[in-house]
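Every position in the sequence shown, counted from 1, becomes a number in this note's numbering once 727 is added.
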Amino acid sequence: MGPMHAGTSRPDGPQLPAPPSLAIVLLSAAVGLGSSVVLLYLAYRLAGLPLLWSVGLAGLGMWGLTALVAAGLAELYDPRTRGVHAAYGCGLVGLVLAFAGLCMLVGMVAGTLAFLLGQGAR
Numbered sequence: 728m729g730p731m732h733a734g735t736s737r738p739d740g741p742q743l744p745a746p747p748s749l750a751i752v753l754l755s756a757a758v759g760l761g762s763s764v765v766l767l768y769l770a771y772r773l774a775g776l777p778l779l780w781s782v783g784l785a786g787l788g789m790w791g792l793t794a795l796v797a798a799g800l801a802e803l804y805d806p807r808t809r810g811v812h813a814a815y816g817c818g819l820v821g822l823v824l825a826f827a828g829l830c831m832l833v834g835m836v837a838g839t840l841a842f843l844l845g846q847g848a849r
């Protein structure tokens, strides 16, 4: 007996769900991150909301649009994988934001050390 492929039925009957599609996850994450920039601009500049409210609204919009796009595209791919695609898309956005935060933190520490060590050399 060969390996079981997604969408094929098992010998005992139930059909396996299709695995998550990398294209759907990446596209939904890109739409979510891009929409957050647009939402931040719309809320802060055009609607005149305070900066903290604008950032919060952009963050909520980012997660919501990521999940909606992932679920919508998964509906076309395989309806049984909607939740998996939405979770992977939002998880990828979270990892991207965590990595960006880590890079900023390391950059701030390196800049502070360079400034302090540069002052002592004078």
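Virtual Cβ for every residue (Gly too), placed ideally from N, Cα, C. Being a predicted model, the structure only gives us computed values, none of them experimental.
Can the beta-carbon of residue 754 be found less than 8 angstroms from the beta-carbon of residue 766?
Start at 1 with the first residue of the sequence shown, and residue 754 comes out as number 27. Start at 1 with the first residue of the sequence shown, and residue 766 comes out as number 39. No, they are not a contact pair.
If we count Cβ pairs, one from each stretch, closer than 8 angstroms, do we get three or more for the segment 772–792 versus the segment 828–844?
They do not touch, by the three-pair rule.
Cβ atoms of residue 810 and residue 752: under 8 angstroms apart, would you say?
By one-based count along the sequence shown, residue 752 stands at place 25. By one-based count along the sequence shown, residue 810 stands at place 83. Going by C-beta atoms, residue 752 is not nearer than 8 angstroms to residue 810.
Residue 745 and residue 808 look like a contact to me (Cβ under 8 angstroms); what is the Cβ gap, rounded to whole Å?
Working through the sequence shown from its first residue, we reach residue 745 at position 18. Working through the sequence shown from its first residue, we reach residue 808 at position 81. That pair is a contact at about 6 angstroms.
Write down the C-beta distance between residue 763 and residue 791 rounded to the nearest angstrom, noting that I regard them as a contact closer than 8 angstroms.
Walking along the sequence shown from the start, residue 763 turns up at place 36. Walking along the sequence shown from the start, residue 791 turns up at place 64. About 10 angstroms separates the two Cβ atoms, so there is no contact after all.
What first and last residue would you give for the alpha helix (DSSP H) that runs through residue 778?
As a first step, residue 778 must be located in the sequence shown, where it is residue number 51. Start and end: 778–804.
Which residues in the same chain have their Cβ closer than 7 angstroms to the Cβ of residue 832, if we skip the five residues on either side of it in sequence?
Taking the sequence shown and counting its residues from 1, one reaches residue 832 at position 105. Excluding sequence neighbours, residue 832 sits near nothing in its chain.
On the CB-based measure, 16 or more other CB atoms within 10 Å of its CB, does residue 741 come out buried or exposed?
The residue you call residue 741 lines up with position 14 of the sequence shown. Exposed, because fewer than 16 other Cβ atoms sit within 10 Å of the Cβ of residue 741.
Does residue 841 come out as helix, strand or coil in the three-state DSSP assignment?
Taking the first residue of the sequence shown as position 1, residue 841 is located at position 114. Helix.
Who are the near neighbours of residue 796 in its chain, counting only those whose CB is closer than 8 angstroms to its CB and skipping five residues on each side?
For the purposes of this step, residue 796 is identified with residue 69 of the sequence shown, where counting begins at 1. Once the five neighbours on either side are set aside, the close Cβ partners of residue 796 are 754, 755, 758, 759 and 816.
Under 6 angstroms Cβ to Cβ from residue 820, same chain only, skipping five residues before and after it: list those, please.
Stepping through the sequence shown from its first residue, residue 820 is reached at position 93. The residues are 756, 759 and 793.
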